[in-house]
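Heads up, the thing below is written out as structure tokens.
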Amino acid sequence: MKRILIILAFIIFSANQLVAQDVKVFPNPATNVINVLGLKNDKNAVITVRDSYGNQVIFHQWDIKRNSLNIPVFNLEKGLYMITIQSEHQNIKTKFYKQ
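The sequence shown maps to residues -20 to -1, 1 to 79 in mature numbering (1 follows the signal peptide of the UniProt record, and there is no 0).
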């Protein structure tokens, strides 16, 4: 007897979540710094960067000012990374490539 497994995934966005397309990440690929634009100004935003294996490589709290962040990435190895920005007013996930 053959079995078929169907997995349904649902993504629910609240009013304070931004879609990744609303946020600009550049340069991509990056060498020294990633600039993230289109954010909401916020205090104590938690920024997490994970490598393609899911290992946390950056964890930091920043105040978001002027609707942007500059994240230093010069010490990261080449590869694909996921940035998560969480605060009281937003929850964003986007990715970049380190050259």
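The C-beta atom is built at its ideal place from N, Cα and C for all residues, glycine as well.
When only Cα atoms are considered, residue 41 and residue 7 end up about 22 Å apart. For residue 7, no beta strand (DSSP E) encloses it, and the DSSP letter there is neither H nor E. A straight-line Cα-Cα distance of about 19 Å links residue 76 and residue 70. Under the three-state reduction of DSSP output, residue 17 falls in the strand class. Judged by their CB atoms, residue 16 and residue 5 are nearer to each other than the 8 Å cut-off.
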